[in-house]
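Numbering (the working numbering), first residue to last: 22 to 262. Glycine included, every Cβ here is placed at the ideal spot set by N, Cα and C. A quick write-up on the structure given underneath.
Structural data, given as structure tokens:
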């Protein structure tokens with residue numbers, strides 16, 4: 022089975038050893054320096070969507086913002102080069118069937134206080150959760166996808182879960198019940214964890230059923246990138262944060 026066929030069937034891909042250990046080590050140093058700046062300086066008033074540092078914080082938005090790299094611009098270049106690794110772009114070109122553009126680069130971290138892990142599809146934020154509107158959106162954005170998430174782990178992690186094949190169909194009754202009534206459930210049928218080591222890269226369809234876990238005391242340092250098709254770039258706005 023080709024990589025493209027596996028993507029079309031499952032809605033996710035795992036690639037091993039894409040980035041060299043030295044590249045991962047340099048990224049970890051520079052990203053954690055940006056994280057420390059964000060922890061020190063961020064406020065609800067100055068951050069998109071109010072996503073500032075607090076005990077249950079799990080995401081630092083816009084890791085590529087120049088304010089985090091003005092002292093060492095070469096580190097921003099290294100981040101962007103890693104995100105646009107030729108192997109990465111070749112996969113995305115096949116998945117999108119056209120060039121990809123970066124929409125957003127974030128940094129997933131472990132909170133110091135527990136945080137629930139919610140099952141969701143990204144399309145639920147732009148359409149009503151159930152019924153014809155969401156079903157039409159899933160079908161329209163299924164293949165080629167409108168957006169793809171990519172994860173670059175800088176430490177080993179199994180924090181992301183996805184339901185294979187859910188990217189091109191509506192919920193089953195049980196999936197719908199969990200998503201609407203028990204979104205923190207650990208009993209999602211057919212859920213698959215994505216075990217990743219530093220240097221690996223994961224891709225998954227934004228409309229697949231998925232969730233990330235952010236557990237206090239379990240280190241997480243993951244560069245999380247959203248890509249769009251060049252024909253439908255959809256830049257991030259305050260409303261879509």
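- Counted as a single uninterrupted DSSP element, the beta strand (DSSP E) harbouring residue 123 occupies residues 121 to 130.
- The Cβ atoms of residue 231 and residue 142 lie closer than 9 Å to each other.
- The Cβ-Cβ distance between residue 47 and residue 128 does not fall below 9 Å.
- Counting every other CB atom within 10 Å of its CB across the protein chains shown gives residue 112 a total of 16 or more, marking it as buried.
- For the 9 Å CB-CB criterion, residue 185 and residue 30 form a contact.
- Restricting attention to 206, 168, 194 and 121, the CA atom closest to the CA of residue 188 is found in 168.
- Comparing alpha-carbon positions, the option among 212, 55 and 63 lying closest to residue 195 turns out to be 212.
- Spatial neighbours of residue 193 in its own chain (CB-CB distance under 8 Å, excluding positions within 5 residues in sequence) are listed in chain order as 210.
- The bridge partners DSSP lists for residue 169 are 226 and 248.
- DSSP places residue 181 in the uninterrupted beta strand (DSSP E) bounded by 181 to 183.
- In the DSSP annotation of this structure, the continuous segment of the beta strand (DSSP E) that includes residue 35 starts and ends at 33 to 36.
- The residue among 70, 49, 42 and 80 with its C-alpha nearest the C-alpha of residue 60 is 80.
- Taking each of 73, 170 and 198 in turn and checking the Cα distance to residue 248, the smallest one comes out for 170.
- Between residue 85 and residue 154, the alpha-carbon positions lie close to 34 Å from each other.
- Note on geometry: alpha-carbon atoms of residue 145 and residue 203 lie some 16 Å from one another.
- With respect to residue 250, residue 121 sits close: the two C-beta atoms are nearer than 9 Å.
- In this chain, the alpha helix (DSSP H) harbouring residue 108 covers 107 to 117.
- Exposed is the label assigned to residue 57, since fewer than 16 other Cβ atoms lie within 10 Å of its Cβ.
- In the three-state DSSP reduction, residue 205 falls in the coil class, being neither helix nor strand.
- When rounded, the separation of the alpha-carbon atoms in residue 172 and residue 205 is 21 Å.
- For residue 132 against residue 175, the beta-carbon gap comes to about 17 Å, at or over 8 Å, which does not count as contact.
- Bridge partners of residue 70 according to DSSP: none are assigned.
- In the structure shown, residue 94 adopts helical secondary structure according to DSSP, grouped into three states.
- When the beta-carbon positions are compared, residue 237 and residue 136 come within less than 9 Å of each other.
- Looking at the DSSP output, residue 242 sits in a beta bridge with 130.
- Judged by DSSP in its simplified three-state form, residue 188 adopts helix.
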